[in-house]
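Going down the list, the protein sequences come from chains P and F.
According to our numbering, numbering within the first sequence proceeds without interruption in unit steps and concludes at 93.
According to our numbering, numbering within the second sequence proceeds without interruption in unit steps and concludes at 250.
Heads up: the structure comes next, in structure tokens.
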Amino acid sequence: MMSNGKNNPDARIRVTVLFFGPARDLARVNSTQLQLPLGSTVQSLRGLLAERFTGLDAALPAMRLAVNLQIAGNEHPLSEGDEVALIPPVSGG
Amino acid sequence: MKFIRVDLTDHPIDAADLRRFVQDAGESGAVAAFEGVTRRESDKDHGELIRLEYDAYPEMARKELNDLAIRAGRQWPLNAVALVHRVGLVPPGETSVMIFVSSGHRAAAFEACRWLIDTLKQTVPIWKQEVYADGFTRWVRPASDPFPRNQPAEAPS
Numbered sequence: 001m002m003s004n005g006k007n008n009p010d011a012r013i014r015v016t017v018l019f020f021g022p023a024r025d026l027a028r029v030n031s032t033q034l035q036l037p038l039g040s041t042v043q044s045l046r047g048l049l050a051e052r053f054t055g056l057d058a059a060l061p062a063m064r065l066a067v068n069l070q071i072a073g074n075e076h077p078l079s080e081g082d083e084v085a086l087i088p089p090v091s092g093g
Numbered sequence: 094m095k096f097i098r099v100d101l102t103d104h105p106i107d108a109a110d111l112r113r114f115v116q117d118a119g120e121s122g123a124v125a126a127f128e129g130v131t132r133r134e135s136d137k138d139h140g141e142l143i144r145l146e147y148d149a150y151p152e153m154a155r156k157e158l159n160d161l162a163i164r165a166g167r168q169w170p171l172n173a174v175a176l177v178h179r180v181g182l183v184p185p186g187e188t189s190v191m192i193f194v195s196s197g198h199r200a201a202a203f204e205a206c207r208w209l210i211d212t213l214k215q216t217v218p219i220w221k222q223e224v225y226a227d228g229f230t231r232w233v234r235p236a237s238d239p240f241p242r243n244q245p246a247e248a249p250s
């Protein structure tokens with residue numbers, strides 16, 4: 001029987017991460033695609049981002065993450081194809 | 094409240110058009126407006142501010158602007174709300190954000206307009222960067238925010 005994603009410990013999901021404003025300058029990219037283990041949360045993505053983008057590390061705790069255009073807490077589970085954006089403290093107006 | 098117009102634009106905002114939009118809505122006896130303008134400033138080390146550069150997460154910013162208009166319509170008896178924010182370059186003296194609100198009577202229009210700009214500044218994913226005469230750039234941080242100061246700015250060393 002073929003293993004489905006849920007039972008496969010090696011199953012991964014892919015998310016797109018977008019960087020805006022100061023986050024873009026710190027990461028030095030506009031966007032990236034990352035793979036995470038199935039069952040990953042926003043918190044696990046924060047850890048991966050801090051590792052991959054050392055320039056972001058110190059600023060990351062002050063940033064919120066939006067998942068599919070909605071601000072999401074650290075416990076929010078990520079799914080295949082999610083669009084995640086780093087939202088530094090906003091300064092519109 | 095049936096009439097909402099929100100937009101992000103990289104062109105100068107057509108205030109007359111927005112004003113007509115809210116004034117024509119329902120039986121309005123009051124139109125309140127707020128206009129945010131790039132302030133003429135100078136920095137002792139970097140000279141005159143030559144422009145602000147606005148960045149936005151466009152899809153989310155539009156959605157949040159629309160949500161703000163809907164929330165204002167639930168809190169006050171409004172006829173229409175128009176919310177337009179610039180993105181890209183905005184030189185001193187030009188408008189970066191324009192809000193119009195119409196209602197039957199003035200209290201609702203004044204209060205909603207104030208709430209809209211205050212909440213917009215706290216929630217909508219838009220960021221501005223100051224650009225000075227000597228090329229120095231700096232992201233503006235909200236006064237109450239813990240964003241670290243040591244971010245690399247593109248300062249000439």
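Built from N, CA and C at the ideal position, the CB exists for glycine as well.
Of the residues the options, the one placed nearest residue i, counting alpha carbons only
i: H178/F; options: E120/F, T230/F, F96/F, E128/F; result: E128/F
i: A58/P; options: V67/P, N68/P, G47/P; result: G47/P
i: V17/P; options: L38/P, G73/P, V42/P; result: V42/P
i: A66/P; options: A236/F, L209/F, E152/F, F193/F; result: E152/F
i: R167/F; options: W208/F, Q116/F, E141/F; result: W208/F
i: A252/F; options: H139/F, R112/F, E134/F; result: What is shown of chain F runs 94 to 250, which leaves residue 252/F out entirely.
i: W220/F; options: D136/F, C206/F, P235/F, N159/F; result: P235/F
i: N68/P; options: V29/P, D82/P, S44/P; result: D82/P
i: C206/F; options: R164/F, E146/F, T188/F; result: R164/F
i: L213/F; options: E134/F, E146/F, D136/F, N159/F; result: N159/F
i: Q215/F; options: V29/P, D25/P, R64/P; result: R64/P
Per DSSP, cross-strand counterpart(s) of residue i
i: W220/F; result: D148/F
i: S31/P; result: L18/P
i: W232/F; result: Q222/F
i: Q70/P; result: V67/P
i: L171/F; result: S196/F
i: H178/F; result: L101/F, V190/F
i: S135/F; result: E141/F
i: I87/P; result: R64/P
i: L111/F; result: Per DSSP, none; premise fails for L111/F.
i: A23/P; result: Answer by DSSP bridge pairing: none, since A23/P is not bridged.
i: V124/F; result: S195/F
Residues near residue i in its chain [Cβ-Cβ closer than 8 Å; skip 5 each side]
i: P218/F; result: A149, Y150, M153, A154, E157
i: D211/F; result: none
i: Q33/P; result: R14, V15, T16, V17
i: S121/F; result: V115, N172, A173, S195, S196, G197
Own chain residues within Cβ distance below 6 Å of residue i, not counting five before or after
i: P9/P; result: none
i: D227/F; result: H139, G140
i: I97/F; result: A162, V174
i: Q35/P; result: R12, R14
i: M94/F; result: G166, L171
i: W232/F; result: Q222
i: P77/P; result: T41
i: A85/P; result: L18, A66
Cβ-based neighbour list, residue i, same chain, cut-off 7 Å, excluding 5 preceding and 5 following
i: M191/F; result: I106, A108, L111, E128, V177
i: F193/F; result: L111, R112, V115, V124, A126, A175
i: D117/F; result: none
i: P170/F; result: S196, G197, A201
i: E247/F; result: Residue confidence is low: E247/F scores 41 on pLDDT, short of 50, so the model does not pin down where it sits. Its coordinate-derived value is still stated next. These residues qualify, in order along the chain: T230.
i: A27/P; result: F19, F53, G55, L56
Contact test: residue i Cβ vs the ligand FAD heavy atom, cutoff 8 Å
i: I71/P; result: Although the ligand FAD was asked about, the structure shown includes no ligands whatsoever.
Cutoff 9 Å: residue i Cβ touching any chain B Cβ
i: G129/F; result: In summary, chain B is missing from the structure at hand, where the protein chains are P and F.
Check: Is it true that the segment 184-191 of chain F meets the segment 52-64 of chain P, where meeting means three or more beta-carbon pairs spaced less than 8 Å apart?
Finding: No, they do not touch.
Note to self: Does the segment 83-90 of chain P come into contact with the segment 18-30 of chain P, if we say contact requires no fewer than three beta-carbon pairs (one atom in each stretch) closer than 8 Å?
What the structure shows: yes
Check: Using 8 Å as the threshold, is the segment 70-85 of chain P in touch with the segment 96-106 of chain F, meaning 3 or more CB pairs across them?
Finding: Result no; under three Cβ-Cβ pairs closer than 8 Å.
Checklist line | Residues within the segment 156-179 of chain F neighbouring chain P, beta-carbon criterion of under 9 Å | finding: K156, E157, H178
Next item on the list: Could you please tell me which residues of the segment 70-92 of chain P, in chain order, have their CB closer than 7 Å to any CB of chain F?
Entry: A85, I87, P88, P89, V90, S91, G92
Check: If contact means a Cβ-Cβ distance below 8 Å, which residues of the segment 15-36 of chain P contact chain F?
Finding: L18, F20, G21, P22, R24, D25, L26
Check: Using a Cβ cut-off of 8 Å, which residues of the segment 208-224 of chain F contact any Cβ in chain P, in chain order?
Finding: I210, L213, K214, Q215, T216, V217, P218, I219, W220, K221, Q222
Check: Taking a cut of 9 Å between CB atoms, which residues from the segment 34-60 of chain P lie near chain F?
Finding: Listed by position along the chain: G55, A58, A59.
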